[in-house]
Amino acid sequence: MGSPISTKLTAIGVAACFAMTGSDANVVTVVSAKSPITALSKEQIADIFLGKSYRFPEGASATPIDQPEGSSVRGEFYDKVTGKSLAQLKAYWSKIIFTGRGRPPKAASSSAEVKKMLAADLSAISYIDDTQVDPSIRVLSAD
Amino acid sequence: MSISFAPKNRVKIGAVLVVSCCSSVYAGGVDDSMVSLGGFGTLGAVHSSEQQADFTTNFFKPNGAGYTRDWSLSVDSLIGAQVTVKIAPRLLAVLQVITQQNYDNTYRPHVEWADLKYQITPDLSVRVGRIVLPSFLISDSRNVGYANPWLRPPLEVYGLIPISSSDGADMSYRLRIGDVTQTLVGTYGYSTPSIPLHGAVEARHLWLIGDTIEYGATTLHIAYEEARLTVDYLGDLFDAYRQFGPPGNALADKYDLENKRVTFLGLGGMYDPGNWFIAAEWGTTDLNSVLGKNTGWYVSSGYRVKKFTPYLTYGIAKTNNLSDPGLSLSSLPPYLAGPAAGLNAGLNSVLSTKRVQSTISAGARWDFIKNADLKLQFDHTRIGAGSSGELINLQPAFALGARVNLISVTFDFVF
Numbered sequence: 332m333g334s335p336i337s338t339k340l341t342a343i344g345v346a347a348c349f350a351m352t353g354s355d356a357n358v359v360t361v362v363s364a365k366s367p368i369t370a371l372s373k374e375q376i377a378d379i380f381l382g383k384s385y386r387f388p389e390g391a392s393a394t395p396i397d398q399p400e401g402s403s404v405r406g407e408f409y410d411k412v413t414g415k416s417l418a419q420l421k422a423y424w425s426k427i428i429f430t431g432r433g434r435p436p437k438a439a440s441s442s443a444e445v446k447k448m449l450a451a452d453l454s455a456i457s458y459i460d461d462t463q464v465d466p467s468i469r470v471l472s473a474d
Numbered sequence: 033m034s035i036s037f038a039p040k041n042r043v044k045i046g047a048v049l050v051v052s053c054c055s056s057v058y059a060g061g062v063d064d065s066m067v068s069l070g071g072f073g074t075l076g077a078v079h080s081s082e083q084q085a086d087f088t089t090n091f092f093k094p095n096g097a098g099y100t101r102d103w104s105l106s107v108d109s110l111i112g113a114q115v116t117v118k119i120a121p122r123l124l125a126v127l128q129v130i131t132q133q134n135y136d137n138t139y140r141p142h143v144e145w146a147d148l149k150y151q152i153t154p155d156l157s158v159r160v161g162r163i164v165l166p167s168f169l170i171s172d173s174r175n176v177g178y179a180n181p182w183l184r185p186p187l188e189v190y191g192l193i194p195i196s197s198s199d200g201a202d203m204s205y206r207l208r209i210g211d212v213t214q215t216l217v218g219t220y221g222y223s224t225p226s227i228p229l230h231g232a233v234e235a236r237h238l239w240l241i242g243d244t245i246e247y248g249a250t251t252l253h254i255a256y257e258e259a260r261l262t263v264d265y266l267g268d269l270f271d272a273y274r275q276f277g278p279p280g281n282a283l284a285d286k287y288d289l290e291n292k293r294v295t296f297l298g299l300g301g302m303y304d305p306g307n308w309f310i311a312a313e314w315g316t317t318d319l320n321s322v323l324g325k326n327t328g329w330y331v332s333s334g335y336r337v338k339k340f341t342p343y344l345t346y347g348i349a350k351t352n353n354l355s356d357p358g359l360s361l362s363s364l365p366p367y368l369a370g371p372a373a374g375l376n377a378g379l380n381s382v383l384s385t386k387r388v389q390s391t392i393s394a395g396a397r398w399d400f401i402k403n404a405d406l407k408l409q410f411d412h413t414r415i416g417a418g419s420s421g422e423l424i425n426l427q428p429a430f431a432l433g434a435r436v437n438l439i440s441v442t443f444d445f446v447f
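So the sequences go chain by chain: A and B. For the first sequence, my numbering assigns the number 332 to the initial residue and increments by one for each residue that follows. For the second sequence, my numbering assigns the number 33 to the initial residue and increments by one for each residue that follows.
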């Protein structure tokens, strides 16, 4: 679905969705390179990671994957996409968990495992430090 | 309750049974587990400046802060545990048990929720059992202090419907249009909680339709509900009124609590973009009895500064009448006028317990460690003339229309 040009651009991280300024790391939202998804808005990404949406806009199911708890990329991602601190997210998820309405995303143990999980599951979506991007994954451009 | 429990990782029992606590949800793998355990709790203390009556949060509690206790631990404290079992890929069982002060002043645990949920499609589910009654914006997490910005939900609105769950079934349908998610809920059931001194409340044919609309940082909630309400309360008073012919019957029919059709409409919204929030809710009940028509609303806003979230809340509760002329004494023979005056006094003393009040609250949440917070809140309540407001256990020296100051502290945790 993605044009060759946009794929090339995203591969080198130019269209990084959530580039942080004045920070050590740039966190980018990623899917498998084989996924048809090329772009999502910040709101769409937030809805998927907050359990408000189980699907990509096209209708395919979406499985969010978190980076390990305590990783700096996790804090940056949620701050950028949802505006919430990790403490606020805890409070948010405790609200959802104690109603039996849902669960937070599964967490990978490392960026390497994130990439492995993305390769194994085309519905998977995660985020990663842009220095970790390789050809197996696609950086989503901002819609 | 020690919170050193919290950082512990999950315990594996056998090959398939994975028991996980809430904190380990973030460590991963929970989606694959069949059984998960979690818990939440609040330890709270509250002091009231009004010593001739008790402050507490709802009429299921027999006492509170002020008259009974200088500092009461029973008003806000509770501990809850929840077990979620994934029986089959689409079938989920939830059991939530809560220990808090009961109507009879015991702390016997009660089942708050016990339901089976069947996920028909990713967006459509049905539940059967004891399920939450989603009357308000945060009905779902009303008991989970850690999930809420305030020390306790504003009573001017959350006091309108003290019943929090019903036994029956509900259906939930999620609908996405663009970036807007709507969750439509329909519930049918009954609820029969006990209240102090007066036996049971029976809410039968209890149904609710609601919609929760989420768009980015904005959440809107609307709910309408109806029930047939019977309360084993004041039966003797109304039986006595019925001895006075048509005028007495008319008063008894108007005010008694026998199978009355009661209604509630609630609207609420919250905007929480991250570093601040604003929330407002409005609700109105028609209890078609001595309990009257009651309306309440609040507006609340908070601002997050690192680990602190100070907030301000203003709420108002109103009712239709706090008194009634009752039987006309002038048309009665003298030997009946005395008893009739006694009945009128009894009726008016009950009407004066309806809530007319406004409260300004200032508080702060401090997220000082993982999975726990501390909250401090000051409330200044101006009870309306002729009303006893939210207070219970009124003593002879209590004056209607009092001004009440509260200081509350809570420690909320999840595990």
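A virtual CB, placed ideally from N, CA and C, is assigned to each residue, including glycine.
Cβ neighbour criterion (16 or more within 10 Å) applied to residue i
i, result
"ALA434 of chain B", "buried"
"PHE429 of chain A", "buried"
"PRO121 of chain B", "exposed"
"GLN419 of chain A", "buried"
"VAL143 of chain B", "exposed"
"TYR423 of chain A", "buried"
"GLY431 of chain A", "buried"
"GLN133 of chain B", "buried"
"LYS93 of chain B", "buried"
"TRP182 of chain B", "buried"
"SER363 of chain B", "exposed"
"ASN326 of chain B", "buried"
"SER440 of chain B", "buried"
"SER403 of chain A", "exposed"
"PRO428 of chain B", "exposed"
Proximal residues to residue i (C-beta, below 6 angstroms), its chain only, five neighbours per side dropped
i, result
"ASP300 of chain B", "It should be pointed out that residue 300 of chain B corresponds to Gly in this sequence rather than to Asp. Hits under 6 angstroms: LEU169, HIS253 and GLU313."
"GLU234 of chain B", "THR224 and THR262"
"PRO228 of chain B", "PRO94 and TYR135"
"SER106 of chain B", "GLN133"
First and last residue of the uninterrupted beta strand (DSSP E) at residue i
i, result
"VAL331 of chain B", "325 to 335"
"ARG208 of chain B", "197 to 209"
"GLN83 of chain B", "Unbroken run through GLN83 of chain B: none, as it is neither H nor E."
"GLN151 of chain B", "142 to 153"
"GLY301 of chain B", "292 to 303"
"GLU258 of chain B", "250 to 263"
"PRO529 of chain B", "Here chain B has residues from 33 to 447 only, and residue 529 of chain B is not among them."
"ASP318 of chain B", "308 to 318"
"GLY242 of chain B", "231 to 247"
Selected residue, minimal CA-CA separation from residue i, among the options
i, options, result
"ASP243 of chain B", "B:HIS237, B:GLN214, B:VAL322 and B:TYR150", "B:GLN214"
"SER442 of chain A", "A:GLU374, A:GLU389 and A:ILE468", "A:ILE468"
"ARG336 of chain B", "B:SER384, B:ALA282, B:ALA429 and B:ALA396", "B:ALA396"
"ASP452 of chain A", "A:ASN357, A:VAL358, A:VAL359 and A:ILE368", "A:ILE368"
"ARG293 of chain B", "B:ARG274, B:ASN307, B:GLY324 and B:PHE270", "B:GLY324"
"THR351 of chain B", "B:THR341, B:GLY221 and B:TRP329", "B:TRP329"
"THR88 of chain B", "B:PHE445, B:LEU426 and B:PHE309", "B:LEU426"
"LEU269 of chain B", "B:ARG260, B:GLU258, B:LEU283 and B:GLN389", "B:LEU283"
"ARG101 of chain B", "B:VAL117, B:GLY112 and B:SER80", "B:SER80"
"GLY98 of chain B", "B:ILE195, B:VAL107, B:ASN90 and B:ALA85", "B:ALA85"
"LYS407 of chain B", "B:GLY70, B:LEU383, B:VAL67 and B:VAL78", "B:VAL78"
"GLY298 of chain B", "B:ARG174, B:PRO166 and B:ASN137", "B:PRO166"
"SER333 of chain B", "B:PRO305, B:GLY210 and B:VAL322", "B:PRO305"
"VAL160 of chain B", "B:GLY200, B:TYR178 and B:LEU216", "B:GLY200"
"THR116 of chain B", "B:ALA272, B:PRO154, B:ARG162 and B:ALA146", "B:ALA146"
"LEU379 of chain B", "B:LYS286, B:ASP405 and B:ILE348", "B:LYS286"
Same chain, Cβ closer than 7 angstroms to residue i, neighbours up to 5 away in sequence not counted
i, result
"ASN376 of chain B", "GLY358 and LEU359"
"ILE379 of chain A", "ALA393, PRO395 and ILE456"
"ILE119 of chain B", "ALA125"
"THR385 of chain B", "SER420"
"ALA141 of chain B", "As written in the sequence, residue 141 of chain B is Pro, which differs from the Ala given in the question. Here the set comprises VAL129, ILE130 and THR131."
"GLY353 of chain A", "Residue confidence for GLY353 of chain A is low, a pLDDT of 43 falling below 50, so the modelled location carries little weight; the figure read from the coordinates is stated next. For GLY353 of chain A, where only same-chain residues beyond five positions count, there are no Cβ hits under 7 angstroms."
"TYR273 of chain B", "GLY280, LEU283, ALA284 and LEU375"
Span of the alpha helix (DSSP H), counted from its first residue to its last, around residue i
i, result
"ILE170 of chain B", "Premise fails: ILE170 of chain B is in no alpha helix (DSSP H) and is neither H nor E."
"TYR273 of chain B", "267 to 273"
"GLN398 of chain A", "Unbroken run through GLN398 of chain A: none, as it is neither H nor E."
"GLN375 of chain A", "373 to 380"
"VAL189 of chain B", "187 to 190"
According to DSSP, residues forming a beta bridge with residue i
i, result
"ARG469 of chain A", "A:VAL362"
"THR462 of chain A", "DSSP output for THR462 of chain A lists no bridge partner at all."
"ASN437 of chain B", "B:HIS412"
"ASP405 of chain B", "B:ASP444"
"THR224 of chain B", "In DSSP, THR224 of chain B forms no bridge with anything."
"LEU123 of chain B", "B:ALA120 and B:TYR150"
field: Cβ-based contacts, 8 angstroms cut-off: residues of the stretch 359 to 370 of chain A near chain E
entry: The chain labelled as chain E is not found among the protein chains of the depicted structure, namely A and B.
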